[in-house]
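*Asks:*
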Amino acid sequence: MKITVWNENQHEKETPLICELYPGGLHEYIAGFLKDADVEVRTATLDDDECGLTEEVLADTDVLIWWGHMAHDRVPDEIVDRVQKAILSGMGLIVLHSGHHSKIFRRMLGTTCNLKWRDHARERIWTIKPNHPITQGVPETFVLDPEEMYGEPFDIAEPEEVLFLGWFNGGEVFRSGCTWKRGNGKIFYFQPGHETNTSFQNPIVQKIIKNAVRWACPIQKNIELTCPEFQPLENES
Ligand code: ZN
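Quick note: to get my numbering, add 110 to the position in the sequence shown (first position is 1).
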C-alpha cells in the first residue's frame with residue numbers, strides 16, 4: 111500500500127511550537143506513525159514543485175492524506191483537477207481537520223464545507239458505528255483536550271456514513287468522522303487535528319487514521335475514465 115501525506119507546511123514556518131509537537135512538521139509526523147511493514151509512505155508539501163503531486167506521484171498513490179489551513183487558495187486549480195481525477199479513478203482521500211476548506215474537499219463534495227469553530231475546547235468523541243473498518247479497536251467514547259471546536263451546521267454533501275460524533279464543552283455537536291464515495295474513490299473526513307494541539311499524538315486518533323487508510327485503499331486504481339459510443343453486442347430485431 112502506498113500512501114502520500116500532503117501538508118501545506120506553512121504554519122510550521124511561523125509557529126515553532128508545531129515542530130516541537132510534531133517534529134519535521136505535521137506531514138512527517140503523520141507519515142511516521144503510518145509507516146508499517148506493508149505501508150510505503152511519502153510526503154508532499156505546498157512548496158514542492160507541482161505541490162509534490164505530479165501525475166507520477168498520484169498514479170503511484172493508493173491513499174492521499176490532506177492537511178491544509180492558511181493556504182488553501184495557493185493550491186493551483188490544475189493540481190486540484192489532477193487530484194480529483196485520481197480519486198474518481200480509484201485513489202482514496204483522507205481529509206483531516208481544517209482540510210474541510212481545501213479546494214479538493216469542496217470540489218469532491220460540491221458544497222461550502224463551512225462550519226462553526228473556536229479553539230481551546232474540550233471534545234468528547236462518540237463512535238456510533240462499531241461495525242465499520244475505520245472504528246475497529248476504537249473505544250465507544252474518548253476525550254481530546256484541548257481540541258478545536260468544530261460545530262454544526264457542517265455544510266457537506268450528505269455523508270454515506272457518519273462514524274463519529276463530537277460533543278464540545280460549549281455544548282456544540284459535530285459529525286466528526288464521515289465517509290463518501292465519489293466515482294471509484296473512497297473519501298473519509300476526520301475533524302481532530304488542530305496544528306497547535308496534541309491530537310495526532312493520541313494513539314486512538316492514530317488508530318483511526320491507520321484504519322481509514324486501509325479502508326480507503328482501492329482494490330484497483332488508475333481506472334480509465336471514458337465515455338465511449340458503444341456498438342450493440344447483440345443484433346436481435
Ligand atoms: Zn484548526
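For glycine and all other residues, C-beta sits at the position ideal for the given N, C-alpha and C.
1. With burial defined as no fewer than 16 other Cβ atoms inside 10 Å of the residue's Cβ, what is the status of E130: buried or exposed?
2. Could you tell me if T251 is buried or exposed, where buried requires 16 or more neighbouring beta carbons within 10 angstroms of its beta carbon?
3. Using a threshold of 7 angstroms, is the CB atom of H210 nearer than that to any non-hydrogen atom of the ligand ZN?
4. Measuring alpha carbon to alpha carbon, tell me which residue in D265, F284, E305, M201 is nearest I235.
5. Among the residues of its own chain, which have a CB less than 6 angstroms from the CB of Q316, if the five just before and after it don't count?
6. Within the continuous alpha helix (DSSP H) that includes Y139, where are the two ends?
7. Provide the residue span of the alpha helix (DSSP H) that contains M218, from first to last.
8. Which one of T164, G200, T171 has the shortest CA to CA distance from P186?
9. Using beta-carbon positions only, say whether F278 and E334 come within less than 8 angstroms of one another.
10. Taking the straight line between their C-alpha atoms, what separation do you get for I140 and P338?
11. Beta carbon of H207: closer than 7 angstroms to some heavy atom of the ligand ZN?
12. Going straight from the alpha carbon of C327 to that of T153, what length do you get?
13. Closest to I297 by C-alpha separation, out of V272, E138, N307, would be which residue?
14. Quick one: using the 10 Å Cβ neighbour count with 16 as the cut-off for buried, is Q311 buried or exposed?
15. What does a CB cutoff of less than 6 angstroms around L203 pick up in its chain, not counting 5 residues either side in sequence?
16. Is the distance from the Cβ of D172 to the Cβ of I113 below 8 angstroms?
17. Out of L168, P256, E118, D157, which has the shortest C-alpha to C-alpha gap to V151?
18. Measure the Cβ-Cβ separation of S212 and G178 and say whether it is below 8 angstroms.
19. Identify the continuous alpha helix (DSSP H) that holds C129 and give its terminal residues.
*Replies:* Judging by the given coordinates:
1. exposed
2. exposed
3. no
4. I235 has its Cα closest to that of F284, out of D265, F284, E305, M201.
5. F143
6. 136 to 144
7. Unbroken alpha helix (DSSP H) run through M218: 213 to 219.
8. T164
9. no
10. Pairing I140 with P338, the inter-Cα distance amounts to about 41 angstroms.
11. yes
12. 17 angstroms
13. V272
14. exposed
15. L174, I197, I297
16. Taking 8 angstroms as the Cβ cut-off, D172 and I113 qualify as a contacting pair.
17. L168
18. yes
19. 126 to 131
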